[in-house]
Structure formats: structure tokens, C-alpha cells
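Here the sequence shown stands for residues -24 to -1, 1 to 177, where the numbers follow mature numbering (1 follows the signal peptide of the UniProt record, and there is no 0). Structure, as C-alpha cells:
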Amino acid sequence: MLYTKKSALGMAAAALAFGMVATAAVRAEDAKPADASLANKLDPNAKEIDDKVLAASAAVKVEDGKYKDKDGDPTFHIVNDGKKVDWFTYSGYRRYHAECHVCHGPDAMGSTYAPALKDSLKHLNYSEFMGILAGGKQDVNSSDQKVMPAFADNKNVMCYADDLYVYLRARAAGAWGRARPGEKEEKPDSAKTTEKECLGG
Ligand code: HEC
């Protein structure tokens, strides 16, 4: 009886101590400075920087060559004074100019038919973007019947949905301008595997 009581107390004390240690650990983690290698180093003369979008798309980690923001959504990583991009920004640029530019204009600048995605991505989040891409969109109030097609069945689009999002996000933040990316990170192995599975499956 005495033994049980003692051990229960002991456990409570241990739990309390553990809780305090855990709390202290979390605080230390919060206070840790951001990983400098994840910071963008943009063109110092970039003209279209949107500070809010740029801050919201800051990378906090990189997983297999794919940069992620604080919500775990894919984002861009641009360094060398804006000259070198991550793989997905580069790939997204190419996919955009294969599948989307006919309606949305070169460099996501928009056209008389479809909106400038460099502006749309300032307010559309990742899941909204994915929803529109897969399901399409039609402005029911417009008299001229402009339609965003649903791409759910198009592998050349859906297998590169993250790439498209990352490129357009960089355009929306003003981190990437109206140019074709030159220097880029190597294609990550994970991107090769995912692409193969997606296109083949
Ligand atoms: C056939 C023309 C066409 C093509 C091709 C096309 N779109 Fe669209 N898209 C539109 C139109 C038109 C709208 C506006 C629809 C509306 O608001 O009702 C639109 C809207 C969008 C929107 C929502 C924009 C907003 O501000 O709400 C996104 C995101 C989008 N398109 C992404 C893409 C991507 C990415 C591609 C390439 C994979 C693509 N679109 C290809 C015509 C097109």
C-alpha cells in the first residue's frame, strides 16, 4: 500500500518534470533562428515584390528537394541574387508555358480571356488552387461564357500540379519575374520517382 502510493507520487513527479522539460524544449525550438540556407536571396532590383505574399511563402524546411512553407505547402526557393531557382519553379515555368499560357498569357500576365495568375495566386491558397485546377471554374455571371477547363484527367497537368503552384507562387510574390529560369537545382530523385508513378499509373 505504502509502496503503491510512493510510486504513484513518483510517477506524478516524473510526469511533471517531463512536462516542464518538454515545454522548455518547445520554447528553445521557437527561439531558434530561421535556417539561413532556406532564405531566398532575390534579385536586389526586383520590382514587383509583394512583401506579404513573400513572407507567407517563406520556406521553413526542404524535403527531398521540395521546399515547404510553415503550413507544409510547397513553395519556391530562389538564390544567387535571383538567378538560381529550385527544381519545381523551373519545372512549373515549363509546364505553365506548355499548358496554361494560351489562355492565361505568357509569364502568368493574363489575357483578355483569362485572369493573370500572378495576381490570382496572391489570394488563392494551395487547396483552392488544386480544386480549381482539377475541377475547373466557370463564371456564371459572365455573358461571354469564359471557362477554365477541368484538368483532373490530364496527367500532363496533374502530375505537375505542385510545380505549377510553386512557379505561380514565385510570380505572385514577385520573387521571380518575366523570364525563363536559367540556373536551377538538380531534379530531385523523389521528383523522378513521383513523375514516373504518376504518368505511368
Ligand atoms: C482554355 C483556356 C484556359 C486554359 C488552357 C487554362 N485556363 Fe485557367 N482559367 C481560364 C478562365 C477563362 C478562367 C476564369 C474562370 C472564371 O473566373 O470563371 C480561369 C481561371 C483559372 C484560375 C482561377 C483564377 C482566379 O483568379 O480565380 C486558376 C488558378 C487557373 N485558371 C489555373 C490554370 C492553370 C494552372 C492552367 C494550366 C494548367 C490553366 N488555368 C489553363 C481559362 C483557361
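The beta-carbon is built from N, C-alpha and C at its ideal position, and this holds for glycine as well. Note that the coordinates shown come from a computational prediction; the quantities given were computed from them, not determined experimentally.
Next on the checklist: If distances are taken between C-alpha atoms only, which option among Gln114, Lys42, Asn21 and Lys28 comes closest to Ser67?
Outcome noted: Lys42
Checklist entry - Could you give the distance in angstroms between the alpha-carbon of Glu162 and the alpha-carbon of Asn117? => result 45 Å
Item to check | Integer-rounded CB distance, given that His77 should sit under 8 Å from Gly86 | outcome: Not a contact, Cβ separation roughly 10 Å.
Checklist entry - Hey, quick one: how far does the beta strand (DSSP E) through Lys42 stretch, first residue to last? => result Unbroken beta strand (DSSP E) run through Lys42: Lys42 to Lys44.
Checklist entry - By the 10 Å Cβ neighbour count, where 16 or more other Cβ atoms means buried, how is Ala(-1) classified, buried or exposed? => result Model confidence at Ala(-1) stands at a pLDDT of 48, short of 50, so the residue's coordinates are unreliable; what they give is reported in the following sentence. By the Cβ neighbour-count rule, Ala(-1) is exposed, with fewer than 16 other Cβ atoms within 10 Å of its own.
Checklist entry - Since Asn16 and His73 are thought to touch, with beta carbons under 8 Å apart, how far apart are those beta carbons, to the nearest angstrom? => result 23 Å between Cβ atoms; not a contact.
Checklist entry - Is the beta carbon of Pro125 within less than 7 Å of some heavy atom of ligand 1? => result yes
Checklist entry - Can you check whether the CB of Lys160 is closer than 8 Å to the CB of Trp63? => result Cβ distance < 8 Å, so Trp63 and Lys160 count as in contact.
Item to check | Integer Cβ distance of Tyr69 from Arg156, believed to fall under 8 Å | outcome: Confirmed, about 6 Å.
Item to check | Any non-hydrogen atom of ligand 1 closer than 7 Å to Leu140 Cβ | outcome: Leu140 has its CB nearer than 7 Å to a heavy atom of ligand 1.
Checklist entry - Between Lys60 and Glu39, what straight-line distance do the alpha-carbon atoms span, to the nearest angstrom? => result 18 Å
Checklist entry - Between the segment 18 to 27 and the segment 144 to 154, do three or more beta carbon pairs fall short of 8 Å? => result Judged by pairs of C-beta atoms under 8 Å, the segment 18 to 27 touches the segment 144 to 154, as three or more such pairs exist.
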